[in-house]
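Chemist: My questions all concern the structure below.
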Amino acid sequence: MSETILKLENIDAYYGESQILFGLELEVKKSESVCILGRNGVGKSTTMKSIMGQLNPKAHSRVTGSMKYLDRELVGLPSYQVSRAGIAYVPQGRHIFPTLTTKENLLIAERNGTDGKKEWTIERIYELFPRLKERENFKGGRLSGGEQQMLTVARGLMQNPDLLLLDEITEGLAPIVVEELGSVINELRKNGVTILLAEQNVNFALAVSNDCYIIEKGKVVYHGATKETPKDVFSRYLGL
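Take 14 as the starting number for the sequence shown in the working numbering and just add one per residue.
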C-alpha cells in the first residue's frame, strides 16, 4: 500500500469572519493523482491556498485543524517553508514573469529536490514540453495562453517537488490545449509524480486522476476511486 504523503483532517478555513472550509478531510498517497471537484466558489482553490500557507493573519485569513505532509504539520507554516518542504504550487491565473524569457522563467524556479536530487532539468522539461523549447527565447508575455499554462506547470516541476498542486490549469484554454495538458499530466503520473489538482473541468480531472473528492459548500460530500464513481454522483453534485 502506498505511503500517505498529505493528510488533511478537520480543516476549517476563514477569510476574515467568513468561513469557507468546514471540517475538510482529504488524503493523497505517494505517486497518486487526486482531484478535487466542485462548482465555482465551493472552496477548491481555498483548499490549495490553505495547504500552501497562503491563509494567514497578514492576508486576514486563517486555517485550523491538521495538515500533515509526511510527518510534518503544515498548519501555521509560512508559504516559503511549505515550498521548501517539497510542495510546488501551480496557481490559478498562471502568474508567469512576462518580461522574462521562457528559459529564464524556468531557470528562476530551478531547485534540487528535498533528497538533493535534480530529476527535472531544463533538458527533461523540454522533452516533455517541446513547444517551450521552440519558444525558449520568447518573453513570457508573448506566449499564448496555452503556452503560458504549460510554462507554469513546467516551472513547478523545475522545483523537483515531492507533491505538485495544480489549481484550475485548464481554465480559459482551447480544447486542443486541454487535451495536450492531459497527455502531459498522464506522462507525469507514469513517472511517479504525486499530484493534487483542483478542477472545474470534470472530464479533464477524471481522465488524469485515480481518486476524486467532491466539495460542496466547503465540505467533502463524496470521495472515491475515479473509475468506480457512479455517474449519478456527478449529476447530483456537479450537474452533469
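Where is the CB? At the ideal position from N, CA and C, for every residue including glycine.
#1: List in chain order: all unbroken alpha helix (DSSP H) runs of 4+ residues lying wholly within the segment 26-96.
#2: For a minimum of 4 consecutive residues, which ranges assigned as the alpha helix (DSSP H) are wholly contained in the segment 185-248?
#3: Roughly how many whole angstroms lie between the Cα atoms of residue 32 and residue 80?
#4: Quick check on this structure: which residue in 131, 238 and 213 has the alpha carbon closest to the alpha carbon of residue 222?
#5: Starting from residue 101, trace the beta strand (DSSP E) both ways and give me its first and last residue.
#6: May I ask you to list the residues that DSSP assigns as paired with residue 177?
#7: For a test of the three-state rule: what should DSSP assign to residue 115, helix, strand or coil?
#8: Distance, Cα to Cα, residue 175 vs residue 30?
#9: Hey, how far is the Cα of residue 103 from the Cα of residue 214?
#10: According to DSSP, is residue 4 part of a helix, a strand, or is it coil?
#11: With a threshold of 16 other CB atoms inside 10 Å of the CB of residue 224, please say whether the residue is buried or exposed.
#12: Comparing alpha-carbon positions, which option in 185, 187, 148 and 109 lies nearest residue 166?
#13: At which residues does the alpha helix (DSSP H) containing residue 253 begin and terminate?
#14: CB-CB under 6 angstroms to residue 179, same chain, minus the five flanking residues each way: which ones, in chain order?
#15: If we count the other Cβ atoms within 10 Å of its Cβ and call it buried at 16 or more, is residue 125 buried or exposed?
#16: Answer with buried or exposed for residue 283, where buried requires no fewer than 16 other C-beta atoms within 10 angstroms of its C-beta.
#17: Identify every run of the alpha helix (DSSP H) within the segment 116-150, keeping only runs that are complete inside it and at least 4 residues long; order them along the chain.
#18: Leaving out five residues on either side along the sequence, give the residues of the same chain with a beta carbon under 7 angstroms from the beta carbon of residue 205.
#19: Looking at C-beta atoms only, is the number of pairs between the segment 155-173 and the segment 121-140 that lie closer than 8 angstroms three or more?
#20: Going along the chain, which residues of its own chain have a beta-carbon closer than 6 angstroms to the beta-carbon of residue 247, five neighbours each way excluded?
#21: Would you report the Cα separation of residue 187 and residue 193, rounded to the nearest angstrom?
Modeler: Looking at the atomic coordinates:
#1: 57-64
#2: 188-203 and 215-220
#3: The residue given as residue 32 occupies position 19 in the sequence shown. The residue given as residue 80 occupies position 67 in the sequence shown. If you take the alpha carbons of residue 32 and residue 80, they lie about 18 angstroms apart.
#4: Residue 222 sits at position 209 when you count from the first residue of the sequence shown. For residue 222, the nearest C-alpha among the options comes from 238.
#5: The residue you call residue 101 lines up with position 88 of the sequence shown. 100-103 is the span of the beta strand (DSSP E), which, as asked, contains residue 101.
#6: Translated into the one-based positions of the sequence shown, residue 177 becomes position 164. Answer is 101 and 208, bridged to residue 177.
#7: For the purposes of this step, residue 115 is taken as residue 102 along the sequence shown, with counting starting at 1. Correct three-state label for residue 115: helix.
#8: By one-based count along the sequence shown, residue 175 stands at place 162. By one-based count along the sequence shown, residue 30 stands at place 17. In a straight line, the C-alpha of residue 175 is about 34 angstroms away from that of residue 30.
#9: Counting from one through the sequence shown, the residue named residue 103 turns up at place 90. Counting from one through the sequence shown, the residue named residue 214 turns up at place 201. The alpha-carbon atoms of residue 103 and residue 214 are separated by roughly 16 angstroms.
#10: This structure gives no information on residue 4, because the portion of the chain shown stretches from 14 to 253.
#11: Numbered from 1 along the sequence shown, position 211 holds the residue referred to as residue 224. Flag for residue 224 reads buried.
#12: Within the sequence shown, residue 166 is the residue found at index 153, counting from 1. Comparing Cα positions, the closest option is 109.
#13: Taking the sequence shown and counting its residues from 1, the one referred to as residue 253 is at position 240. Element bounds for residue 253: n/a, residue is neither H nor E.
#14: Start at 1 with the first residue of the sequence shown, and residue 179 comes out as number 166. Excluding sequence neighbours, residue 179 sits near 103 and 210.
#15: Position 112 of the sequence shown, counting from 1, holds the residue named residue 125. Exposed.
#16: Because the chain is modelled from 14 through 253, residue 283 falls outside the range shown and cannot be assessed.
#17: 135-141 and 143-147
#18: Translated into positions along the sequence shown, residue 205 becomes position 192. Around residue 205: 44.
#19: yes
#20: Walking along the sequence shown from the start, residue 247 turns up at place 234. So the list reads 253, once near-sequence residues are dropped.
#21: The residue labelled residue 187 in the question sits at position 174 within the sequence shown. The residue labelled residue 193 in the question sits at position 180 within the sequence shown. Whole-angstrom Cα-Cα distance: 10 angstroms.
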